[in-house]
Amino acid sequence: MRLILSALLVLTLAACASQGPTAINSLSSLPSAQNQQAVADAIRKNATAKEKINVDKTALDSLSGPDGDLWGRIRRGFQIPDLQSDLVDMQVNWYAQRSDYVERMTGRSQKYLYHIVEELEQRHMPTEFALLPFIESAYNPQALSVAKAAGMWQFVPGTGRDYNLKQNMFQDERRDVLASTSAALDYLSRLYYMFGDWDLALAAYNWGEGNVQKAIAKNEAMGLPTDYQSLRMPNETRNYVPKLQALKNIVANPQMYGLTLPDIPNHPYFVTVTASRDMDVTMAAKLACMTVEEFRSLNPSFAKPVILGSTNPQILLPFDNAGVFQKNLKSYSGQLSSWTTYTVSERATPAVIAQKIGVDAGTLMSVNPIPAGMRLKAGSTIVVPRSDDDDEDISADVAESAMLAVEPDVPDTRKMLIRVRRAQTMSTFADRYNVSITQVKSWNRTRRDSVLPGQLIVLHVPVGRAVPAEPGPVHVETVSASSRNKGSVTKIGTHVPESKSAARGGKTSAPAKVTRVTEKFSVPSKAVKSVAVKPEAVSKSTKSTKSTDKKKKQ
116 MRLILSALLV LTLAACASQG PTAINSLSSL PSAQNQQAVA DAIRKNATAK EKINVDKTAL
176 DSLSGPDGDL WGRIRRGFQI PDLQSDLVDM QVNWYAQRSD YVERMTGRSQ KYLYHIVEEL
236 EQRHMPTEFA LLPFIESAYN PQALSVAKAA GMWQFVPGTG RDYNLKQNMF QDERRDVLAS
296 TSAALDYLSR LYYMFGDWDL ALAAYNWGEG NVQKAIAKNE AMGLPTDYQS LRMPNETRNY
356 VPKLQALKNI VANPQMYGLT LPDIPNHPYF VTVTASRDMD VTMAAKLACM TVEEFRSLNP
416 SFAKPVILGS TNPQILLPFD NAGVFQKNLK SYSGQLSSWT TYTVSERATP AVIAQKIGVD
476 AGTLMSVNPI PAGMRLKAGS TIVVPRSDDD DEDISADVAE SAMLAVEPDV PDTRKMLIRV
536 RRAQTMSTFA DRYNVSITQV KSWNRTRRDS VLPGQLIVLH VPVGRAVPAE PGPVHVETVS
596 ASSRNKGSVT KIGTHVPESK SAARGGKTSA PAKVTRVTEK FSVPSKAVKS VAVKPEAVSK
656 STKSTKSTDK KKKQ
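The number in the working numbering is simply the position in the sequence shown, starting from 1, with 115 added.
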């Protein structure tokens, strides 16, 4: 009772300072019970995550609304008309048969549910939407789908940018509890104004507004109804609203389905603090007397081991921990951050960069998402350990512009075109040029296991590697295109030289036949130098050549 009276005194003084004697008279005219509830409602209204509550002066019990449990408050805010269908019954049975799953996701929701309900009530939106993250992510702010949708509300990168959710190297606000919730409710409100129906708005949230508009237009053209249940849509979207209705039914009466919901107090779970200096995530958790796992569950948007002070970060902490954090931060005199950034000037592997700046290569690859077998491109920014004498924080400009670009760590190659002179297996051809069969098939977009005479084969060979001559049944010379054609590809052609007798002016049965590859092949990479390939050793006389051919025929 003493705590309630203390809170009442605080509110009365505040009202007196802001509104004068009228506020005192109106408040004192209320009965005692209503008076106490007015105090609680006024405090609860201001006890959002956006404002810091002094837990030394305000008791948590006074923050509770008329419902001691948050579930009752959610039930009172239901607004969407109930949907009744076999799909709803099927989804209810699915959840009812998985009580452990329901227990896990409702347990996770305890940290975030109050804030979402507050936001919904301030916007006069249905509280059914507080159940939507159960469907989207099972209330896991770290969730990431195969379509790259992230966070509790599952924003894909493009939609996240449309709703001003920052996505950079250091932070992904699609995972931020406050920012993503605000963006999701903005999006749902926009969809409602677009379609005038919450079921269609939900379908658009899942399927995309463009697809829903097309489905509506198609039904209108055929003279069919355009409500949610009448539209043709994918199975996932068809089951989306029934899933939400199923969760609504369970929250309304969990005992009917043999389920138990955890007690969630009807007061804020966390408050927001900020920091002006860079701070390690581990240091922030330590100052708040929390485990790193607990800290990250409230602050999942921080993508690196350091929180940048230059970005005015919002750090969510439970009430008690927020007070401890503030006290410990003021008394701490050591270094808050052990990380800084380094910009790569030329492409290099993590091992080379680590050796250059004197850090451990394993640490470099664990902090920065560099896959094995990849190297960094020039201009990439990476997070590296900060030296003891470096007290400069990472700037906001670096945070916004930093990017990490990687490429396969393979030798530079040049593209070549080889004219095949005799039939052979793909395996023999690949072995000759020291490449794999898979590579040859991929470069030439073929599935054949052999190559034929006259066929033109594309190869990518390391720059500087000598290319062997393509064997053939006759004496050949290998020629290359003029290197004056910048951007052209090295081309290998063949021609049969004149015999000695013809060169001396003797008779010949037919003129010498010359075959050359003269087409230009442009490639996106830099121009490569043509490489002349030495011909194979051959007999000096035409007679010996003919005898060799006869032996082959036999």
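Backbone N, C-alpha and C define an ideal beta-carbon position, used for all residues, glycine too.
Are T464 and R490 closer than 7 Å when you measure CB to CB?
Cβ distance < 7 Å, so T464 and R490 count as in contact.
Does the beta-carbon of K160 have 16 or more other beta-carbons within 10 angstroms, so that it is buried, or is it exposed?
For K160, the pLDDT reaches just 44, beneath the cut-off of 50, and the residue's location in the model is therefore unreliable, although a value from the coordinates is still provided. Counting Cβ neighbours within 10 Å, K160 comes out exposed, since fewer than 16 surround it.
Residue from G338, L339, M309 with nearest C-alpha to Q328:
Proximity to Q328 across G338, L339, M309 peaks at M309, based on C-alpha coordinates.
Quick one, which of A265, D527, S557 has its alpha-carbon nearest T296's?
Ranking A265, D527, S557 by Cα distance to T296 puts A265 first.
Can you tell me whether DSSP reads H230 as helix, strand or coil?
In the structure shown, H230 sits in a helix (DSSP, three-state: H, G or I).
Tell me the rounded alpha-carbon separation between V521 and R462.
Their backbone Cα atoms lie some 9 Å apart in a straight line.
Rounded to whole angstroms, how far is the Cβ of V513 from the Cβ of T456, which I believe are closer than 8 Å?
Cβ atoms of V513 and T456 come within 8 Å of each other, at about 6 Å.
Rounded Cβ spacing between A253 and M220 (contact assumed at less than 8 Å)
Between M220 and A253 the Cβ distance is about 4 Å, and since that is below 8 Å, they are a contact.
Spatially closest choice to K226 from L293, P357, S214, D277, by CA coordinates
Nearest to K226 by C-alpha distance, out of L293, P357, S214, D277, is L293.
For a quick check, are the C-beta atoms of W322 and A299 less than 7 Å apart?
The answer is no: Cβ separation not under 7 Å.
Assess contact between the stretch 561-574 and the stretch 527-543, defined as three or more Cβ pairs (one per stretch) separated by less than 8 Å. Is contact present?
Yes: at least three Cβ pairs fall under 8 Å.
W268 in three-state terms, based on DSSP:
Per DSSP, reduced to three states, the secondary structure at W268 is coil, with no helix or strand assignment.
On the criterion of 16 or more Cβ atoms from any shown chain inside 10 Å, does P577 qualify as buried, or is it exposed?
Residue environment for P577: exposed (fewer than 16 other C-beta atoms within 10 angstroms of its C-beta).
Would N443 and L431 qualify as a contact pair, given that the criterion is a beta-carbon distance under 7 Å?
No, these two residues do not count as a Cβ contact at 7 Å.
If you run the structure through DSSP and keep just helix, strand and coil, what is P486?
Residue state, collapsed to three classes: coil.
Pair every Cβ in the stretch 378-388 with every Cβ in the stretch 350-369, then say whether three or more of these pairs are closer than 8 Å.
They do not touch, by the three-pair rule.
Compute the Euclidean distance between the alpha carbons of R191 and R347, then round it to the nearest angstrom.
Approximately 33 Å, taken between the alpha carbons.
Helix, strand or coil at V356 according to DSSP, with G and I counted as helix
When DSSP states are grouped into helix, strand and coil, V356 belongs to the helix group.
Do you know whose CA, among E408, S391, S425, A476, lies nearest K445's CA?
Considering only alpha carbons, the answer is S391.
According to DSSP, simplified to helix, strand and coil, what is T375?
Coil, per DSSP.
Reference K471, options V499, N483, F193, closest by Cα:
Just measuring C-alpha positions, the residue of V499, N483, F193 sitting nearest K471 is V499.
Our contact map puts I509 next to L423 with C-beta atoms below 8 Å; I'd like the distance itself, whole angstroms only.
Yes, they are in contact, since the Cβ atoms of I509 and L423 sit about 5 Å apart, within 8 Å.
Applying the criterion that 16 or more other CB atoms from any shown protein chain within 10 Å of the CB defines a buried residue, is R289 buried or exposed?
The residue is buried, with at least 16 neighbouring Cβ atoms inside 10 Å.
Beta strand (DSSP E) runs wholly inside the stretch 551-579, at least 3 long, in chain order:
If we require 3 residues or more, the beta strand (DSSP E) runs fully inside the stretch 551-579 come out as 571-577.
Rank D564, D393, I189 by C-alpha distance to the C-alpha of T426 and give the top, closest one.
Residue D393 is the option with its Cα nearest to T426.
Identify whether Q388 lies in helix, strand or coil by the three-state DSSP scheme.
Looking at the sequence itself, residue 388 is Val, so the reference to Gln does not match. The answer is strand: DSSP assigns V388 an E or B state.
By Cβ distance, which residues of its chain are closer than 8 Å to F193, with the 5 residues on each side in sequence left out?
The answer, listed in chain order, is P241, T242, E243, K363, A367.
Helix, strand or coil: how does DSSP classify M337 here?
In this structure, M337 counts as coil in the three-state DSSP scheme.
May I have the straight-line CA-CA distance separating H590 from A476, to the nearest angstrom?
Low local confidence applies: a pLDDT of 38 at H590 is under 50, so the model's placement there is unreliable, and no value is given.
Which residues bound the beta strand (DSSP E) around L431?
Counting along the chain, the beta strand (DSSP E) containing L431 begins and ends at 430-433.
My guess is that V525 and A493 are in contact by the Cβ rule of under 8 Å, so how many angstroms apart are they, rounded?
Their Cβ separation, rounded to whole angstroms, is 17 Å, which puts V525 and A493 out of contact at 8 Å.
Taking the straight line between their C-alpha atoms, what separation do you get for E86 and K263?
Coverage of the chain is limited to positions 116 through 669, which leaves residue 86 absent and any answer about it impossible.
Measure from the alpha carbon of A672 to the alpha carbon of each residue in T274, V356, V582, N283, then state which is nearest.
Since the first residue of the chain shown is 116 and the last is 669, residue 672 is not available in this structure.
When the Cα of L374 is compared with those of Y447, V207, D184, G438, which residue comes out closest?
When each option's Cα is compared against that of L374, the closest is V207.
My guess is that Y229 and H382 are in contact by the Cβ rule of under 8 Å, so how many angstroms apart are they, rounded?
The Cβ separation is near 7 Å, so the contact holds.
With DSSP as the reference, identify every bridge partner of E522, one or two as the case may be.
In the DSSP output, where bridge partners are listed per residue, E522 has R490.
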